[in-house]
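Reviewing the structure listed below.
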Amino acid sequence: MANDVMTLSQQKMKLGHSSAKKPVMTPGRRDFFSYRDLCLKDASAGQMRGQVMKAKTGMTEPTGWHYHTCEGQFVYILGGWVELEFETGETLRCDTGDSIYIPGGMKHNELRTSDDFEALEVSVPGELGTVSCEKPAAA
3 MANDVMTLSQ QKMKLGHSSA KKPVMTPGRR DFFSYRDLCL KDASAGQMRG QVMKAKTGMT
63 EPTGWHYHTC EGQFVYILGG WVELEFETGE TLRCDTGDSI YIPGGMKHNE LRTSDDFEAL
123 EVSVPGELGT VSCEKPAAA
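So the sequence shown is numbered by the working numbering: it starts at 3 and just counts up by one.
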């Protein structure tokens, strides 16, 4: 680094690696998805979290309105599609190759997914909470 000056959190960071041949599976928010931990939380000293979500079967019932307690959540669709609605009144269908950034605290509802849905999800910081809420008036 420039001038060898590192913040305390950078000093705690370390190399991280996740192997597709030996995936680390972890419990997740939804029973209809499997979750692969990408080992970012430990490597980044809690600064970020990354996982691959894969549908066990397509989601046919909405998750219900909720928001996440984080600074932000980035999702890149690796396969299939997902439909989401947002407190802004927007409904989006994200297909393979699409990405979406959801600011922390933004209310949304996952409506449905394809049977082959798979996505990379990265959030900042490393802890991501989910809070159920009422449907927003604008939605």
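Cβ coordinates follow ideal geometry from the N, Cα and C atoms, glycine included.
Asked, Found
"Selected residue, minimal CA-CA separation from A22, among F34, Q53, V126", "Q53"
"Whole-number beta carbon distance between I104 and G81, since they are thought to touch under 8 Å", "Actually they are not in contact, since the Cβ atoms of G81 and I104 sit about 20 Å apart, beyond 8 Å."
"Own chain residues within Cβ distance below 8 Å of G131, not counting five before or after", "H70, T71, C72"
"Three-way DSSP call (helix, strand, coil) for A121 in this model", "strand"
"Alpha-carbon to alpha-carbon, T93 and H19", "35 Å"
"G66 versus K137 - alpha carbon distance", "8 Å"
"Inter-residue spacing [alpha-carbon to alpha-carbon] between S101 and M27", "23 Å"
"For D44, the first and last residue of its enclosing alpha helix (DSSP H)", "42–45"
"Reference R95, options N111, K14, G107, closest by Cα", "N111"
"Continuous beta strand (DSSP E) stretch holding T132: start and end", "131–134"
"Rounded straight-line distance, which links the Cα of L86 to that of I79", "13 Å"
"Proximity below 8 Å, CB of S134 to CB of H68", "yes"
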